[in-house]
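One structure is given here, and the rest of the page talks about it.
Protein chains: 2
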Amino acid sequence: MIANRRGDRYRVASVVRALQVVTLVADGPLEGLTLSAITRSLGTSKSTAYALVRTLVEGGYVRAVDPGPRYQPGMELVRLGDAATRSIPLGRICHPILLDLSRETGLTTRAAICDDGYPVFVERVDSPGAIRFHTPLGVRELPHTSSAGKAILAALPAGVTERLATETGLPERTAKTLQTVGDLLADLADVRRRGYALDDEEDAPGVFCIGAAFFDHGGVAGALSATGIKLDLSPDRVAELGAAVRAAADRVSIELGGTPRTP
Amino acid sequence: MIANRRGDRYRVASVVRALQVVTLVADGPLEGLTLSAITRSLGTSKSTAYALVRTLVEGGYVRAVDPGPRYQPGMELVRLGDAATRSIPLGRICHPILLDLSRETGLTTRAAICDDGYPVFVERVDSPGAIRFHTPLGVRELPHTSSAGKAILAALPAGVTERLATETGLPERTAKTLQTVGDLLADLADVRRRGYALDDEEDAPGVFCIGAAFFDHGGVAGALSATGIKLDLSPDRVAELGAAVRAAADRVSIELGGTPRTP
DNA sequence: GTTAGTGTTCTGCTGTGCCGAACATCGTTC
DNA sequence: GAACGATGTTCGGCACAGCAGAACACTAAC
Chain V
2 MIANRRGDRY RVASVVRALQ VVTLVADGPL EGLTLSAITR SLGTSKSTAY ALVRTLVEGG
62 YVRAVDPGPR YQPGMELVRL GDAATRSIPL GRICHPILLD LSRETGLTTR AAICDDGYPV
122 FVERVDSPGA IRFHTPLGVR ELPHTSSAGK AILAALPAGV TERLATETGL PERTAKTLQT
182 VGDLLADLAD VRRRGYALDD EEDAPGVFCI GAAFFDHGGV AGALSATGIK LDLSPDRVAE
242 LGAAVRAAAD RVSIELGGTP RTP
Chain W
2 MIANRRGDRY RVASVVRALQ VVTLVADGPL EGLTLSAITR SLGTSKSTAY ALVRTLVEGG
62 YVRAVDPGPR YQPGMELVRL GDAATRSIPL GRICHPILLD LSRETGLTTR AAICDDGYPV
122 FVERVDSPGA IRFHTPLGVR ELPHTSSAGK AILAALPAGV TERLATETGL PERTAKTLQT
182 VGDLLADLAD VRRRGYALDD EEDAPGVFCI GAAFFDHGGV AGALSATGIK LDLSPDRVAE
242 LGAAVRAAAD RVSIELGGTP RTP
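The listed protein sequences correspond, in order, to chains V and W.
For what it's worth, our numbering labels the leading residue of the first sequence as 2, then goes sequentially.
For what it's worth, our numbering labels the leading residue of the second sequence as 2, then goes sequentially.
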């Protein structure tokens, strides 16, 4: 190969492949993946995949379960994820506040940090109810379909919204998803007025979210959100929940040394 | 080198080093590590460490923060940890039960799986109070100083206790830590009679834990535990909490298809 | 018994990942 | 402001690590 043109000259190929294996296994089926399946996805020879998997098993990143053997995510991933979560100062501050908010509202509550304008959830407190939402941590969510995303955007200049809109293309998740930059900006004006953002089945049918941004000394740092099923939420109840989320976000702002933004 | 004698013949050295870097960064200080610090710990050349770090940054396992740059745990670790936690069926079953138990007792509650006799905590629900314990997930805890560990041991043959005792050497964590296999076995007899295990400042001063094992069709699968500060826990209160933890563990057993073991 | 699918082991060649040295930037200190 | 001692970054060249491929062992299906 004529040497890779990019800055990827310093990439270590075997490590890249190893990380691919970790991702495959972590995102794979609950019962685990076979070596053959991993080999096929990697596109390498069986022996190469075997060496990588063995190395990852030794490191605890991957667990071999008999019979098969099939490969599942290892305990080291749990440990590292927990350590990484704790290393994010925001998470430590948010957690007790999320607990209180979940208790107060009966909903699943989450905290997202602002990552270049995108919301990335880093903490979650599940609702006591039986309903569990698919709310993965550590991934960039769509800014225009999540209440946390819109709460963050509302605190940033309009230019950012336009930039993210071109980057993501505003994918349509449900029939209610905002389709245009104009609609989105109009919604953000409402958010600023109210002090909290709504996601009314804009990301998933039947799912309702309320989000509010929090701030540190440098501006918007992230957002809290509360998630529940739509059902029969009265306008009064929405306003009540909005105020609760708003108040919780203000508590975070104060702990971060920023200024709360309750209108 | 005369070719490694062990089964580690299939180890990929560069991947091992990359995983070392991840561990270093994840366990490192909150402000992050510099490349030089990583290089020193690895014992490789600077350029090698640089290539590994760059590869990990691209994969999201490590995050470069200016100025410095300093390297911190990346969001991908959060994502993978969350995914790994969800892939453990036990965690999904335990979580709502831990929530209820935490709510009922006001304590921090956790669930451990039985890993070759050792307790490995995989889920945690923090207490609403301000007190936060250092309770990392995904690591093997000492069997003889944790209530979950003793609850598990009590459900296994005495031979296992003896084996683990020789493996760990029964390290003394506090003045109250059980020192001998005899003391431990005597305590385990009490656990079996009561149905729950106690850790009365045996792992950390001022910390009190109550644990109870749960079972699947194949026998003991793990244990739940509730953690609080010792303070003025009356015997009545301990019995009350013990019954609550015991009942919660029974709920887990039933969901796992095992038989509850309330005495 | 045969086949098709697993996982594991081995060997030899090639290319990659390593080192070392040079270069670029910061801050400090004199 | 020059000189220093730290950093992080880039480069080239060589040895050997890591790859592919083939052979082997084992299971389940039919």
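For every residue, glycine included, the Cβ atom is placed at its ideal position computed from N, Cα and C.
query	result
Compute the Euclidean distance between the alpha carbons of alanine 166 (chain W) and valine 182 (chain W), then round it to the nearest angstrom.	7 angstroms
Entirely within the stretch 30-62 of chain W and at least 4 residues each: give me those alpha helix (DSSP H) ranges in chain order.	36-43, 47-60
Taking any Cβ of chain W, which residues in the stretch 201-231 of chain V have a Cβ under 9 angstroms from it, in chain order?	none
Find out if the Cβ-Cβ distance for the pair isoleucine 153 (chain W), valine 221 (chain W) is shorter than 7 angstroms.	yes
Under the assumption that alanine 155 (chain V) contacts alanine 214 (chain V) (Cβ atoms under 8 angstroms), give the Cβ distance between them as a whole number of angstroms.	7 angstroms
By Cβ distance below 7 angstroms, which residues in the same chain neighbour serine 37 (chain W) in space, the five residues on each side in sequence not counted?	none
Taking C-beta pairs closer than 7 angstroms, name the residues in chain W that serine 15 (chain V) reaches, listed in chain order.	Val13, Ser15, Val16
Check whether the Cβ of valine 79 (chain W) lies closer than 7 angstroms to any Cβ atom in chain V.	yes
At a CB-CB cut-off below 7 angstroms, which residues of chain W make contact with glycine 243 (chain V)?	Those do not exist, as glycine 243 (chain V) stays about 23 angstroms from chain W at its closest Cβ, beyond 7 angstroms.
Would you mind telling me which residues of chain W sit closer than 7 angstroms to alanine 1 (chain V), beta carbon to beta carbon, in chain order?	Outside the displayed span of chain V (2 to 264) sits residue 1 (chain V), for which this structure offers no information.
Whose C-beta lies closer than 7 angstroms to the C-beta of arginine 247 (chain W) among residues of the same chain, with five residues either side of it excluded?	Gly196, Tyr197, Ala213, Thr263
May I ask you to list the residues that DSSP assigns as paired with isoleucine 211 (chain V)?	V:Leu199, V:Ala227
Judging by CA-CA distance, which residue of V:Val126, V:Ala149, V:Ser88 is the nearest neighbour of aspartate 116 (chain V)?	V:Ala149
According to DSSP, isoleucine 114 (chain W) sits in a beta bridge with which residue or residues?	W:Val121, W:Gly223
Whose C-alpha, out of V:Thr162, V:Tyr72, V:Val58, is nearest the C-alpha of aspartate 184 (chain V)?	V:Thr162
Considering Cα atoms alone, identify which of W:Thr178, W:Arg10, W:Gly75, W:Ser103 is closest to leucine 225 (chain W).	W:Ser103
Is glutamine 21 (chain V) helix, strand or coil when you go by DSSP?	helix
Quick one: list the residues of chain W neighbouring tyrosine 51 (chain V), beta-carbon separation under 7 angstroms, in chain order.	Tyr11
Note down, in chain order, every chain V residue with its Cβ under 7 angstroms from the Cβ of tyrosine 119 (chain W).	Under the 7 angstroms cutoff, chain V gives no residues; its nearest Cβ is about 11 angstroms from tyrosine 119 (chain W).
Can you pull the DSSP bridge partners for threonine 109 (chain W)?	W:Thr228
DSSP state of proline 158 (chain W), grouped into three classes?	coil
Short check: CB of proline 68 (chain V) to CB of alanine 27 (chain V), under 7 angstroms?	no
I want to see whether chain W comes within less than 7 angstroms of arginine 6 (chain V), judged by CB atoms only; does it?	With a pLDDT of only 38 at arginine 6 (chain V), under the threshold of 50, the placement of this residue in the model should not be trusted; the figure read from the coordinates follows. No, because no Cβ of chain W sits closer than 7 angstroms to the Cβ of arginine 6 (chain V).
Counting only Cβ pairs nearer than 7 angstroms, list the residues of chain V close to threonine 56 (chain W).	Arg12, Val13, Val16, Val17
Once the 5 residues before and after glycine 8 (chain V) are set aside, which same chain residues still bring their CB inside 8 angstroms of it?	Note that glycine 8 (chain V) scores 46 on pLDDT, short of 50, meaning its location in the model is unreliable; the coordinates nonetheless yield the value given after this. Taken in chain order, the list of residues that qualify is empty.
For the stretch 230-237 of chain V and the stretch 122-129 of chain V, state whether three or more C-beta atom pairs, one from each stretch, are separated by less than 8 angstroms.	no
Do alanine 85 (chain W) and valine 23 (chain V) have their C-beta atoms closer together than 7 angstroms?	no
Alpha carbon to alpha carbon, how far is asparagine 5 (chain W) from tyrosine 11 (chain W)?	Its pLDDT being 36, under 50, asparagine 5 (chain W) is placed unreliably by the model, and the measurement read from it follows with that caveat. Spanning the two alpha carbons is a distance of roughly 10 angstroms.
Under a three-way DSSP split, which group does aspartate 237 (chain V) fall into?	helix
Smallest Cα separation from valine 192 (chain V): which of V:Arg133, V:Ile94, V:Leu157, V:Pro129?	V:Leu157
Would you mind sorting glycine 170 (chain V) into buried or exposed? The rule is 16 or more other CB atoms within 10 Å of its CB.	exposed
Assuming aspartate 217 (chain W) and glycine 258 (chain W) form a contact by the criterion Cβ under 8 angstroms, report the distance between their Cβ atoms to the nearest whole angstrom.	6 angstroms
On the CB-based measure, 16 or more other CB atoms within 10 Å of its CB, does leucine 232 (chain V) come out buried or exposed?	exposed
Could you work out which residues of chain W lie near valine 23 (chain V), taking near to mean beta carbons separated by less than 7 angstroms?	Leu81
Could you tell me the alpha carbon to alpha carbon distance between serine 48 (chain W) and tyrosine 72 (chain V), rounded to whole angstroms?	33 angstroms
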